[in-house]
Each structure stands twice: as structure tokens, then as C-alpha cells.
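Visitor: When the sequence shown is numbered by the working numbering, its final residue is 203 and no position is left out of the sequence of numbers.
Don't be surprised by glycine CBs; every beta carbon is placed ideally from N, CA and C.
All of these numbers come straight from a predicted model, not from anything done at the bench.
Got a structure here, written out as C-alpha cells. Questions coming.
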Amino acid sequence: MLADFQPAQDGYAARFERHWQHTVEEVWSWLTENDKLVQWFPELEVEELREGGIIKFNMPDGKVIPMDILELSTHEVLAFTWAEDRVRFELAAEPDGGCRLLFTEQLQRITAHTPRDLAGWHVCLDVIEALMDGRTIASRKELWSEWYEKYKQLTGDYLSKQE
């Protein structure tokens, strides 16, 4: 299912909602523990897990981009900067013992790169679920390509209105 993509107060918001048959604590560990984080987003590394702390984006060329942790409430919320934008993971326990994850990317503007990011986040969430379920995804690149085309269509009208 595509992210819900809407104009928002300060730009645009892409919201992904997932319901997983895993505890909030388990899902939280996949978002915050480096040995798990590297399995679904190899470039990210938690340096200091606290509000005001840092998550590093390790570029392939060796450059490191620090991203500020804006909000942190253990097992509930993790939000950090993402270039000029922000991302937020929000977790809630469900009555059946599972976890509802709401991921939001708050975008200041739509660019030609936006559908790439959205497809990337979509695949990342699919990969987290697969890893927790003990499954593998044969080709993340193929999966990304499929979602990229869909997100390109979704954001296309917004991009053309800005130009």
C-alpha cells in the first residue's frame, strides 16, 4: 500500500502505516540498535540515542552526515532530521500484542528526488518486517524500482505545481 501523501502545514507529509505481529519492544530494537539497523539501512548508525543525540548517515564516499535526534521517547517515538526535512517513527501497542508503526516524512518541498526517498522508505519498512518474520527479500533493488514508479506518479502532480 502506498504512503498517504498530502500537503501539510509546512510543506508535505508522507505517512506510512504498518501493523506488525511483533511487540513494540522488538520493533523499537530494529529502529535503534546498530546491529539490527545496519540490516535494513546500512548507511545509518546511532551515535547517541537521546533527544539531542545524533544518528549518522555514512555516505559511500566516506563522508558522514550527522542527523539530530529531535524527539525520543523509548518504545514510542523516534524523530530526527533528514537533510532539510524530518522523519518520525511512532509506535503503539495493539490489543493482540502486535505493534502499529506510523512513519512520517515531513517534506519542505517536492523535488525529483522525493519519489526515490519515498520508495526507499517503503522498501525499508518492508525489509524490517521481513527480517522480524525471518524472511528475506530476494531483490531490494527490484522492489524499490516497482515502488519508485508508483511514487513518481503520486508526487508528479505536486512537483509540476511547484515548477
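In this structure, how does DSSP classify L183 when only helix, strand and coil are distinguished?
Guide: It is helical.
Visitor: Can you tell me where the beta strand (DSSP E) holding L142 begins and where it ends?
Guide: From DSSP, the beta strand (DSSP E) with L142 extends over C139 to L147.
Visitor: Cutting at 7 angstroms between CB atoms, please list the residues of its own chain near K190, excluding the five before and the five after it.
Guide: For K190, where only same-chain residues beyond five positions count, the Cβ hits under 7 angstroms are L42.
Visitor: In angstroms with no decimal places, state the Cα-to-Cα distance between L171 and E145.
Guide: If I take the Cα positions, the gap works out to 22 angstroms.
Visitor: Who are V86's beta bridge partners in DSSP?
Guide: DSSP lists I95 as partners of V86.
Visitor: Counting C-beta neighbours from all protein chains within 10 Å, is the total for H162 16 or more, i.e. buried, or is it exposed?
Guide: Buried, by the Cβ-count rule.
Visitor: Just the C-alpha distance for E111 and E186, rounded to the nearest angstrom, thanks.
Guide: The alpha-carbon atoms of E111 and E186 are separated by roughly 32 angstroms.
Visitor: Reducing DSSP to helix, strand and coil, say where Q193 ends up.
Guide: Helix.
Visitor: In terms of alpha-carbon separation, which member of A132, W122 and E91 lies closest to I109?
Guide: Of A132, W122 and E91, the residue nearest in Cα terms is E91.
Visitor: Quick check: E134 and R58, are their CB atoms within less than 8 angstroms of each other?
Guide: No.
Visitor: Would you identify the three-state DSSP class for T121, choosing helix, strand or coil?
Guide: Three-state result, T121: strand.
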